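Yeah, the sequence shown ends on 157 if you go by the numbering used here, and it's all consecutive.
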Amino acid sequence: MPFYNKILLMGNLTKDVELRYTPQGTAVSRFRIAVNRSYKDSQGEWKGDTLFINVVAWSFLAERCAETLSKGDNVFVEGRLDMRNYEYQGQKRTVFEVVANKVSYIPRRGDTKEIPEDIGESEEIIEEDIDASSENDVPF
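What follows is the structure in structure tokens.
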């Protein structure tokens, strides 16, 4: 039986994209998007909640995201769900995050930003272990 792991998300960046490089020189960017959901509760009242999702982009896509995106931008992310384990202050932790294959900027009405809608796409996702214990790499 084949397995399928694909995530499609549209949301707003909660802060500017953070770009770093691995010791091997590969670019990796991290950003978080807020995805809103509206629903009716049992009394028929409209409610809303927000889910904050961590996204990781590698290589060329990582650099393009850092160059073009900023806090508040509306983006469409296509990727896959991934799980990462690390140790922080002596405690083991697990993080679920989306590894982006493609990121697109979604302009809003009246938006004057000159960003191409298709920011970039990974030809091949390159993943390397990032040393979570270095003082410059604070886990998200």
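Where is the CB? At the ideal position from N, CA and C, for every residue including glycine.
This one's a predicted model, so the numbers in the text were calculated from it and none came from an experiment.
Mind checking which residues open and close the alpha helix (DSSP H) that includes residue 87?
Neither: residue 87 is in no alpha helix (DSSP H) and is coded neither H nor E.
Just verifying my parser: in three-state terms, what is the DSSP assignment at residue 20?
Residue state, collapsed to three classes: coil.
Would you identify the three-state DSSP class for residue 59, choosing helix, strand or coil?
coil
Can you grab the Cα-Cα spacing for the pair residue 60 / residue 80, in whole Å?
47 Å
Apart from the five residues on each side of it in sequence, which residues of its chain come closer than 8 Å, Cβ to Cβ, to residue 157?
Model confidence at residue 157 stands at a pLDDT of 42, short of 50, so the residue's coordinates are unreliable; what they give is reported in the following sentence. A distance below 8 Å between beta-carbons, with the five flanking residues on each side excluded, links residue 157 to the following residues of its chain, in chain order: 47, 49, 71, 112 and 114.
Assign residue 54 to one of three DSSP states: helix, strand, or coil.
Residue 54: strand per DSSP, three-state reduction.
Work out the CA separation of residue 21 and residue 84 for me, nearest whole Å.
31 Å
Thinking just about the alpha-carbon of each residue, which of 24, 25 and 29 is nearest to the one in residue 123?
29
By the DSSP assignment, the beta strand (DSSP E) with residue 106 in it spans what residues?
Looking at the DSSP string, residue 106 is not in any beta strand (DSSP E), and its letter there is neither H nor E.
To the nearest angstrom, report how far apart residue 63 and residue 53 are at their CA atoms.
Approximately 13 Å between the Cα atoms of the pair.
Tell me whether residue 81 sits in a helix, a strand or coil according to DSSP, three-state version.
In the structure shown, residue 81 adopts helical secondary structure according to DSSP, grouped into three states.
Just the C-alpha distance for residue 102 and residue 109, rounded to the nearest angstrom, thanks.
Taking C-alpha positions only, residue 102 is separated from residue 109 by approximately 7 Å.
Please name the residue, chosen from 67, 88 and 23, that lies closest to residue 34 on a Cα-to-Cα basis.
88
So, is residue 98 buried or exposed, given that buried needs 16 or more other C-beta atoms within 10 angstroms?
exposed
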